[in-house]
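Engineer: Numbering (the working numbering), first residue to last: 79 to 627.
For each residue, glycine too, the CB sits at the ideal point set by N, CA and C.
This structure is a prediction, so every number in the text was calculated from the model and none was measured.
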Ligand SMILES: Cc1cc2nc3c(=O)[nH]c(=O)nc-3n(C[C@H](O)[C@H](O)[C@H](O)COP(=O)(O)OP(=O)(O)OC[C@H]3O[C@@H](n4cnc5c(N)ncnc54)[C@H](O)[C@@H]3O)c2cc1C
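1) Say yes only if the C-beta of residue 416 is nearer than 7 Å to one or more non-hydrogen atoms of ligand 1, and no if none qualify.
2) Using a Cβ-based criterion (distance less than 7 Å to any ligand heavy atom), does residue 157 qualify as near ligand 1?
3) Taking Cβ positions, are residue 265 and residue 288 nearer each other than 8 Å?
4) From which residue to which residue does the alpha helix (DSSP H) around residue 455 run?
5) Please tell me whether, using a cut-off of 7 Å, the distance from the CB of residue 615 to the nearest non-hydrogen atom of ligand 3 is below it.
6) Alpha carbons only, please: which of 598, 247, 414, 605 is nearest the one belonging to residue 188?
7) Residue 84 and residue 232 - do their beta-carbons sit closer together than 8 Å?
8) Nearer than 7 Å: is that true of the beta carbon of residue 229 relative to any heavy atom of ligand 1?
9) Taking the alpha-carbon of residue 547 as reference, which of 186, 599, 463 has the nearest alpha-carbon?
10) Flag this pair as yes or no: are the beta carbons of residue 533 and residue 376 separated by less than 8 Å?
11) If you run the structure through DSSP and keep just helix, strand and coil, what is residue 539?
12) Closest to residue 627 by C-alpha separation, out of 110, 82, 126, 86, would be which residue?
13) On the DSSP letters alone, give me the boundaries of the beta strand (DSSP E) that residue 406 sits inside.
14) At a cut-off of 7 Å, is residue 385 close to ligand 1 when judged by its beta-carbon and the heavy atoms of the ligand?
15) Going by alpha carbons, who is nearest to residue 141 out of 281, 327, 423, 225?
16) Pull up the CB-CB distance for residue 294 and residue 156, whole angstroms please, since I reckon it's below 8 Å.
17) Who are the near neighbours of residue 321 in its chain, counting only those whose CB is closer than 6 Å to its CB and skipping five residues on each side?
18) For residue 608 and residue 502, I'd like the C-alpha separation in whole angstroms.
19) Should residue 118 and residue 93 be called a contact, given that it needs their Cβ atoms to be closer than 8 Å?
20) Leaving out five residues on either side along the sequence, give the residues of the same chain with a beta carbon under 6 Å from the beta carbon of residue 479.
21) Starting from residue 596, trace the alpha helix (DSSP H) both ways and give me its first and last residue.
22) What is the rounded straight-line gap between the Cα of residue 399 and the Cα of residue 248?
23) On the premise that residue 496 lies in contact with residue 450, defined as a C-beta separation below 8 Å, what is that separation, rounded to the nearest angstrom?
24) How is residue 366 classed by DSSP in three states: helix, strand or coil?
Below, the structure is given as structure tokens:
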């Protein structure tokens, strides 16, 4: 194929992803020097369209970035008033009182927010400072310089033929070059994955770990609504099958976020995370709350869970990994937005100093130091053992030993040192014949819904004529390996029903990828036991269109 010619635009800093990390970096750069040229590229149709968090926001990141956020009208309208934590059995519940919880678990001073709306507001702040923001622009490739440094990205490729070739309607996109490129793609970013592999940034660190989070927005009976109430649960329905738990956050306008996270290191390939979530809503505590209400939106997203010991090296020549591209979630608090913001600020400050010193295309070592030794490192280090203790010894041990470890870490020491994570999530999957299939109740259409009906509430859309963005390294693997060995778990771990095994009477089983349903959660890229699926960016503007997730 002939060399593709693309126009190139030059910037000081090119930022991939308009989440809290990328937008914070853009805002900080322009606060430091109004003359810097900064561009943010976002694959969603608008800023916020692909943002999915719980979300209880610890405002410490915003305080550091925009101290007068209240006066500037940031949409942090619902302070947390009530914090509940329950251990669930199938019909009962046990309240864990707040007093034995380490202080870091307290939600006092935090806000229940729509992170989509917070990002929309941050984008307005950035644009007022002169940042160029281009939504609907997926960054599909990295551009490397002569010395092997990252020098930019390719964005805005549209209209490829179904086989990936160029056709009459193909727009080849453009190259955006920067003195530095910030990857703030969120969890399991596709370009971030390439950079981590190319520069071996995971060397000497623990493997990254993940969960899949699913979330619905419900409008409920006003008599049951308690604005500012936060509830977390563990236990039923997952039991000992997998780690995870739920969140129920009462925001404004009689709306409630109901969400469920399943740790992706589960062993039983018959487990069906989406159906665990649906089953959870039938617990009497949840059913009583939701009865008479209606589900108005659905979405899903993976969440990083490896924490402190799994963060890769954050910089390579010309490039830095921000926020959840590097995995900065504090797992027991289920919070990463504050660290995403702080990382954006830190990366911006390092790039500003470097550019002022007429550097470019090198490693921003000052950013790495600030993340590891500053407030992000300190936040993550205290809780580093909770997830691996849970994975190794189960929920009860995690509550007792993990809780004790968080307490001692708050005082400055740990009895455990740093516990390792062991296998990655794909390798944790065991053969199907070692486990019993799980019989999930059929959704009732009132509290629980079948997957495809719920996906329609994510308003996801993909231009059908483009190539499938879910690439199989070997198309034979799903039917020849994954089906006999693991009962092809893609049929169940995908929360959007993208993958199916269709029985053909004459030709036998066939693996079908309904990529149009994809909600960009990245679970397939993480959990496929053969590591045969690679999630790549579809063309810009495609994917979910979340309202106020
Ligand atoms: C179910 C769930 C519940 C959570 N609850 C909370 C909570 O209550 N509180 C909290 O603080 N944190 C919570 N988190 C964690 C929080 O969502 C993350 O820590 C946070 O989103 C990280 O921010 P980020 O900017 O790094 O990435 P993201 O918020 O994921 O933003 C990344 C952006 O980059 C865009 N993008 C990605 N790749 C490309 C590309 N190649 N080209 C162009 N654009 C691209 C995406 O579309 C997206 O808009 C939760 C996460 C989940 C999944």
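Structural biologist: Well, looking at it:
1) Result yes, Cβ under 7 Å from ligand 1.
2) Not a single heavy atom of ligand 1 lies less than 7 Å from the C-beta of residue 157.
3) Closer than 8 Å, so yes.
4) Under the DSSP assignment, residue 455 falls in the alpha helix (DSSP H) whose first and last residues are 453–459.
5) With respect to ligand 3, the structure shown offers nothing to examine, as its ligands consist of ligand 1.
6) Minimum Cα distance to residue 188 is reached at 414.
7) Yes. Within cutoff.
8) False, no ligand heavy atom lies under 7 Å from that Cβ.
9) The option with the nearest alpha carbon to residue 547 is 599.
10) Yes.
11) Three-state result, residue 539: strand.
12) Per the Cα distances, 126.
13) Careful: residue 406 lies outside any beta strand (DSSP E) and carries neither H nor E.
14) The answer is no for residue 385.
15) The shortest Cα separation from residue 141 among 281, 327, 423, 225 belongs to 423.
16) The C-beta distance from residue 294 to residue 156 rounds to 18 Å, too long to fall under 8 Å, and the pair is not in contact.
17) Excluding its 5 nearest sequence neighbours in each direction, residue 321 has C-beta neighbours in its own chain below 6 Å: 341, 468, listed in chain order.
18) Computed Cα separation, rounded: 12 Å.
19) Yes, the pair counts as a contact, with Cβ atoms nearer than the cut-off.
20) Excluding five sequence positions before and after residue 479, the CB atoms of its chain that fall closer than 6 Å to its own CB belong to 467, given in chain order.
21) Unbroken run through residue 596: none, as it is neither H nor E.
22) Answer to the nearest angstrom: the Cα atoms are 30 Å apart.
23) Not a contact, Cβ separation roughly 13 Å.
24) Helix.
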